[in-house]
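Below is one structure; the comments refer to it alone.
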Amino acid sequence: ALSQKFETILRKLRGQGVLTEANIAEALKEVRLALLEADVNFKVVKDFIERVRVKAVGQEVLQSLTPGHQVVKIVWEELGEMMGKEQAGLKLASVPPTIIMMVGLQGAGKTTTCGKLARWFKNQGRRVLLVAADPRRPAAGDQLSNLGASLGVDVHRADRVDATQRDVVQICREGTERGRDKGYDVVILDTGGRLHIDDELMHELVAVKQAVLPQEVLLVADAMTGQDAVSMAGQFDQQVGLTGVILTKTEGDARGGAVLSIRAVTGKPIKFLGVGEKLDALELFHPDRMASRILGMGDVLTLIEKAQETYSQEQAEVARKTLSGKTLTFDDFRDQIKQVNKLGSMEQILGMLPGGQRLRDMMNGDAMPDKEIGRIVAIIDSMTAQERRDHTLLNGSRKKRIARGSGTSVQEVNRLIKQFLSARKLVKAISGPGGRRNLLQALR
Ligand code: GDP
Ligand code: MG
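Once you know that position 27 of the sequence shown is 32 in the UniProt record's numbering, the rest is easy, because the numbers rise by one and skip nothing.
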């Protein structure tokens, strides 16, 4: 993956005590290749490399950073810049309801993403109305109705199935009027898609847009289609006018070309990423965090945000404290593993942690099965409170006792201690409240 390539290139660079134009050029050549292989638009790559080169060669070396480290910082900043620098939020109407029009080709994930957004707003305490605006495909309406039912969100549908283009506009108008009359905060229009872009579709979308005057027109596009998604964003923007893009299926997109190029090519920000089929698999898109992730720096902030969304404030505090933590104890480790297990697959979570890739490899590469988590918890539970605070107490006879108490073996206890110590090292590396800056420091 791109992040692994970057890790290798930048590790080499960090190792350089003094940077010359020659070794910067050498590194940038590799960065360029990595980006092109990731299917990033070639013109975007060209501009990117040029900006990094100018900055890197002309830089004043900050005392706190090594020269190599500083180039890493420039690459990180420019990657973030390329993707839009700041999180682009959704524009809300000053007088509700906020109207969000979703557009895109069939199969891109429009209907699913409508459900995800509805859930996202609902979690913020907002009342959402979903509008099924694809009357030609009754199944699409059923799909949205099912999503609405599972979320406890209302769905507006046309009662006639033999509807025409004019009806689509009519349905959207009715839906937004109902939203206004009944005091909804947000109305989300799930418009019809086609297999390919055609004039009829574009005319229909333009007509809907003129009729309902949405605050947001969001293109939903499949990240796996790479540069096709980028050119599609350009076409939808020219013909309908977009306020932003939501890229779906990014969890299966090892290359990242669309994520990296859309903003630079079309000028339209990515607002969210779809990261799975489930309704909670939606992430706000943060360019700087994505840049960190691509550089293999992990993404502690996203992890913490996810923890906050899923858990009580108190539990999230545990995660935050542990991650920014002083020294990790076995108690913290157990809490984290339990929590991580609830949050999602171990693999997904570890991928978000700085150095998580390496930790994952240490854990034999696979996502940790539930059974294993159960054993870890049993082992830690079999320790005394004192042992949980101080692993150096764990001598041979204590390990034997713990193994017996937890129904495991001394080898397993030893393995857990090893895992614990590597986790502790990682946590130490990102300690302190400095957030982003600490991520950079973790690279040293
Ligand atoms: P639409 O035709 O644009 O409305 O697309 P749908 O919402 O019906 O989605 C098409 C398929 O893509 C469905 O199987 C969804 O579960 C799947 N899908 C949507 N978003 C994501 C995502 O972020 N990740 C993955 N893996 N699948 C997704
Ligand atoms: Mg659909």
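Just so you know, even glycine gets a beta-carbon here, dropped at the ideal spot from N, CA and C.
A Cβ-Cβ separation of about 7 Å places residue 156 in contact with residue 284 under the 8 Å criterion. In the structure shown, the three-state DSSP call for residue 273 is coil. Setting aside the 5 residues that flank it on each side, residue 421 is surrounded in the same chain by 381, 384, each with a C-beta closer than 7 Å to its C-beta; the list follows chain order. When the beta-carbon positions are compared, residue 277 and residue 265 stay at least 8 Å from each other.
In the DSSP annotation of this structure, the continuous segment of the beta strand (DSSP E) that includes residue 227 starts and ends at 221-227. Rounded to the nearest angstrom, the Cβ distance from residue 50 to residue 41 is 6 Å, consistent with a contact under 8 Å. Listed in chain order, the alpha helix (DSSP H) elements of length 4 or more contained wholly in the segment 6-65 are 7-19, 26-42, 47-62. A direct Cα-Cα distance of roughly 7 Å separates residue 8 from residue 298. Contact between the segment 141-148 and the segment 176-186 is absent: fewer than 3 CB-CB pairs across the two stretches fall below 8 Å. Relative to ligand 2, the beta carbon of residue 180 is positioned no closer than 7 Å to any heavy atom. Of 192, 174, 187, 230, the smallest CA-CA separation from residue 215 is found for 174. Closest in C-alpha terms to residue 12, from the list 98, 296, 406, 394, comes 296.
Ranking 246, 126, 229, 254 by CA distance to the CA of residue 193 puts 126 first. Taking the C-beta atoms as reference points, residue 239 is found no nearer than 8 Å to residue 275. At a cut-off of 7 Å, the beta-carbon of residue 231 does not count as near ligand 1: no heavy atom of the ligand is closer than that. Within the chosen limit of 7 Å, ligand 2 does not reach the beta carbon of residue 405 with any heavy atom. Secondary structure at residue 396: helix, using DSSP grouped into helix, strand and coil. Residue pairing by DSSP places residue 103 opposite 191 in a beta bridge.
Distance between residue 188 and residue 293, taken at the CA atoms: about 36 Å. By a beta-carbon distance limit of 8 Å, residue 407 does not contact residue 221. Their separation comes to about 56 Å.
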